[in-house]
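Asker:
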Amino acid sequence: MENLFNNTEVAFAIKSNAELDRAFYLFEMIKREPLVKIGTAVTRFALKTHLPVEGIIRATVFDHFCGGVTEEDCMPTIDKMYTKNVHSVLDYSAEGKEVEEQFDLAMEKTLNTIKFGKEKPCIPFAVFKPTGFGKFNIYQKITEGVPLDAHEEIEWKRIKERYDIVSKAAYDRDVPLLIDAEESWMQDAADDLIEEMMRKYNKEKVIVFGTLQLYRWDRLEYLKKLHERAKKEGFKIGMKLVRGAYMEKERERAEKKGYADPICENKEATDTMFNDVLTYMFKNIEDMAIFAGTHNEESSYLLMDLIAKSGLDKDDRRLWFGQLYGMSDHISYNLSDSGYNVAKYLPFGPVRDVMPYLIRRAEENTSVAGQTSRELRLLKEERERRKI
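With the numbering used here applied, the sequence shown corresponds to residues 13 to 400, in that order.
1. Distance check for Asp-341 and Phe-24, CA to CA, integer angstroms please.
2. Just verifying my parser: in three-state terms, what is the DSSP assignment at Asp-33?
3. So the candidates are Asp-273, Asn-308, Ile-400; which of them puts its Cα closest to the Cα of Val-254?
4. Should Phe-105 go down as buried or exposed, given a rule of 16 or more other Cβ atoms within 10 Å for buried?
5. Once you ignore the five residues that flank Lys-248 on each side, which residues in its own chain have a CB closer than 6 Å to its CB?
6. Going by DSSP, what residues sit across from Pro-359 in a beta bridge?
7. For the pair the stretch 233-245 and the stretch 269-281, tell me if three or more CB-CB distances fall below 8 Å.
8. In whole angstroms, give me the CA-to-CA distance for Arg-265 and Ala-162.
9. Tell me, please, which residues DSSP counts as bridged to Met-300.
10. Is it the case that the Cβ atoms of Pro-142 and Ile-191 are separated by a distance below 8 Å?
11. Going by beta-carbon coordinates alone, are Gly-129 and Pro-136 separated by less than 8 Å?
12. Over the uninterrupted alpha helix (DSSP H) stretch that includes Gly-6, give me the two end residues.
13. Quick one: grab the DSSP three-state call for Ile-135.
14. With DSSP collapsed to three states, give me the class of Val-111.
15. Grab the span of the beta strand (DSSP E) containing Leu-314 for me, first residue to last.
16. Considering only residues of the stretch 208-285, which uninterrupted beta strand (DSSP E) runs meet the minimum length of 3 residues and lie entirely inside it, listed in chain order?
17. Find out if the Cβ-Cβ distance for the pair Lys-43, Leu-388 is shorter than 8 Å.
18. Should the stretch 59-74 be regarded as contacting the stretch 311-329, the criterion being three or more beta carbon pairs within less than 8 Å?
19. State the Cα-Cα distance for the pair Glu-45 and Met-285, rounded to the nearest angstrom.
20. Evaluate Ser-311 with the Cβ neighbour count: other Cβ atoms within 10 Å of its Cβ, from every protein chain shown; 16 or more gives buried, anything less gives exposed.
21. From which residue to which residue does the beta strand (DSSP E) around Ile-191 run?
22. Rounded to a whole number of angstroms, what is the C-alpha to C-alpha distance between Asp-203 and Gly-222?
23. In three-state DSSP terms, what is Gly-144?
24. For Val-139, which residues from the same chain have a beta carbon less than 6 Å from its beta carbon, with the 5 sequence-adjacent residues on both sides left out?
25. Note the first and the last residue of the continuous alpha helix (DSSP H) segment covering Leu-336.
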């Protein structure tokens, strides 16, 4: 089992030589951190001033990390991945919107994905981001216990309605729904809403999934308390497990405002937290469902090992592995080739609206130790194997 992820022929089977080359040169570029900083600054400026850079972005970073501009755009990629039994999670990734029309649009996109998911086994989940459905500062106020004004009360009621409309649609069509996590200072409000949806729609099985960012040292304790409530009230828990995407921002804010840093002290502590939560959930799998969103080989091996020792089927619908499109193909495709449930997060949306997401991906690749060099090593091995 230990060498499962080294098979580059399986990992890159659906990539043409040209796509392999593009991926290699893209990660070569991302490896140079100052270049990423300059590139992101230039991109932000160009998009703000409406310079014609969309074509360049589309041909390079966008097409590597995103499925397309619309759902239909994504279908060739989705179908291609599904030939290798890798599923897709269509993720409308327009970020930083602050008006009601945009929140309603995000809700419509999620409802569309649920309809898609009902008809297409290759799209087994729908997903949305809390701030896709409402303003950040309203979640923040509720998390911090600050009273809302009359207008904000109406907006909050609308946010709750959006969650319920989408969760009910997911329940009615039997398509599980993943709800992402964001910054800690707004997350409690989202978590409480998600718990409400689980209470309502996860009675027989898991339809609504929350997300645990496991670079936060308080998440296992939170999960255990949630589990107590779930057992008492008769509902099941679904969780997507991730390490987390806002570390620098979280640390800076905690230091600036003088509260305890919510992030684990180091990478080892984060890895331990991830694996402890994964193990806890697996031991309680009768009450839970797991979407293990990880690019970490050790955590993937841990879940494989737990499955093997438990005697559960590899493709038990309560157990999913997930990676981001454009990254860690050596994990995704080798797992699916071995018979596990695997889904790639496939972002889509207008190029300029998806840029904040892409910038975060590029920055994340430079900040996660070894991530980019691992991608490069595997791409290089496959290019050598194909004699490119």
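The beta carbon of each residue, even a glycine, is placed where N, CA and C say it ideally should be.
Answerer: With the given structure in hand:
1. 7 Å
2. helix
3. Asn-308
4. Phe is not the amino acid found at residue 105; the sequence shown has Ser there. Ser-105 comes out buried.
5. Asn-214, Val-218, Asp-299
6. Asp-103
7. no
8. 29 Å
9. Ile-249
10. yes
11. yes
12. No information on residue 6 is available, as it lies outside the stretch 13 to 400 that the chain covers here.
13. coil
14. coil
15. No beta strand (DSSP E) contains Leu-314, which is instead part of the alpha helix (DSSP H) from 309-322.
16. 220-225, 249-254
17. yes
18. no
19. 28 Å
20. buried
21. 189-191
22. 7 Å
23. helix
24. Val-101, Asp-103, Leu-190
25. Segment 331-336 is the beta strand (DSSP E) holding Leu-336; no alpha helix (DSSP H) there.
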